[in-house]
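Each remark here refers to the structure printed beneath this line.
Residue numbers (our numbering): 594 to 930.
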């Protein structure tokens with residue numbers, strides 16, 4: 594069964610009501626988090642050797658054996674399978690034909706939309722196919738608030754807006770950052786914008802953000818270095834495209850407000866999350882260099898980049914580097930005029 598946002602709570606509250614749960618999408622951190630949560634709820638532990646089996650690519654051939662094995666200590670077993678692709682279609686089909694109550698959790702971050710395995714599980718009434726995609730905007734704010742509330746920590750609205758704009762797209766990295774902030778705040782504490790500045794500071798500056806600011810200001814060498822660093826750190830070209838798109842939308846909102854008669858400073862003040870004070874000069878500089886039509890064109894190019902990176906076999910890393918270089922060159926040309 595294909596699971597959408599409305600039916601997702603049905604899966605997270607009671608993962609044991611399914612025989613197979615397929616977790617696919619671009620957010621590897623969220624895939625892992627949901628896999629561990631389902632395992633914990635069904636087996637009572639994330640790593641009980643008697644009730645939990647974890648299979649990687651080299652041990653995929655053991656899926657049928659593990660899925661049909663009996664629990665030596667009683668209770669329902671869970672089999673977590675990583676790096677899943679269509680090569681497991683036959684094995685999963687055989688498992689579904691067996692009389693077993695083992696829950697199989699398939700982690701498939703790179704599974705294409707036309708996957709035969711995904712099509713099978715989306716039609717099967719006892720299987721759940723769950724998309725795991727990067728959260729943004731109000732959805733990400735709600736997740737952050739929920740994470741902090743579970744540790745009896747509150748966060749001011751301005752701080753929440755700022756943090757939402759700073760966190761990367763990966764759920765695992767976001768949770769790590771939120772856990773650090775919760776520890777900083779202490780039990781029943783409240784996080785202010787000043788607390789976030791003190792706790793995160795420059796360490797919160799991701800390489801993609803460095804690249805976006807440098808490119809939009811025409812600093813080609815710095816943009817190239819930052820994007821190389823982001824790619825080396827494991828950031829996907831798709832995540833980079835989305836980060837640039839977010840930055841472009843913010844600049845475009847400012848230029849649109851200016852076209853309607855607002856001053857640049859007033860237009861920037863209404864942005865949520867607010868521009869980080871250490872980035873303010875760079876943001877102002879980019880707002881001077883880029884016209885509204887130029888930003889609209891850049892938004893379209895960025896959307897095209899994301900689409901191209903999703904194509905099978907596309908040289909996504911090369912496309913990403915060329916895109917960043919092109920933005921930086923245009924900004925540098927505008928600065929010389």
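For glycine and all other residues, C-beta sits at the position ideal for the given N, C-alpha and C.
Do residue i and residue j have their CB atoms nearer than 8 Å?
i	j	result
residue 623	residue 699	no
residue 546	residue 613	Here the chain covers residues 594 to 930 and nothing more, so residue 546 does not appear.
residue 884	residue 848	yes
residue 834	residue 917	no
residue 694	residue 711	no
residue 784	residue 752	yes
residue 803	residue 819	yes
residue 617	residue 701	yes
residue 771	residue 841	no
residue 726	residue 821	no
residue 867	residue 754	yes
residue 731	residue 775	no
residue 851	residue 720	no
residue 596	residue 722	yes
residue 675	residue 648	yes
Determine the DSSP secondary structure at residue i, reduced to helix, strand or coil.
i	result
residue 637	coil
residue 648	strand
residue 722	strand
residue 776	helix
residue 707	coil
residue 923	helix
residue 783	strand
residue 930	coil
residue 744	coil
residue 595	strand
residue 717	coil
residue 692	coil
residue 796	Legend: pLDDT at residue 796 = 37, less than 50; position of this residue unreliable, no value from coordinates given.
residue 749	coil
residue 939	Outside the shown range of the chain, which is 594 to 930, sits residue 939, and nothing can be said about it.
residue 858	helix
residue 602	helix
residue 823	helix
residue 903	coil
residue 853	coil
residue 768	helix
residue 607	coil
residue 807	helix
residue 539	Residue 539 cannot be examined here, being either before or after the span of the chain that is shown, 594 to 930.
residue 889	helix
Name the residue from the options whose alpha carbon lies nearest to the alpha carbon of residue i.
i	options	result
residue 911	817, 606, 887	817
residue 607	625, 645, 633, 890	633
residue 767	707, 806, 741	741
residue 660	686, 752, 651, 928	686
residue 839	923, 801, 753, 824	801
residue 926	906, 887, 900	887
residue 845	679, 866, 879	879
residue 631	697, 652, 862	697
residue 831	854, 906, 901, 867	901
residue 724	650, 928, 627	627
residue 871	692, 646, 806, 705	806
residue 704	913, 903, 649, 914	903
residue 843	873, 651, 829, 828	873
residue 882	728, 930, 869	930
residue 644	663, 650, 652	663
residue 621	665, 728, 692, 707	728
residue 837	928, 655, 692, 889	889
residue 678	823, 733, 653, 611	653
residue 629	855, 922, 765, 792	765
residue 625	909, 829, 673	673
residue 692	657, 709, 604	657
residue 876	853, 924, 909	924
DSSP has residue i in a bridge; who is on the other side?
i	result
residue 673	647, 698
residue 617	701, 724
With three or more beta-carbon pairs closer than 8 Å as the criterion, would you say the segment 746-760 touches the segment 777-788? yes
Between the segment 629-643 and the segment 669-680, do at least 3 Cβ pairs fall closer than 8 Å? yes
Contact between the segment 771-783 and the segment 810-830 (3+ Cβ pairs under 8 Å): no
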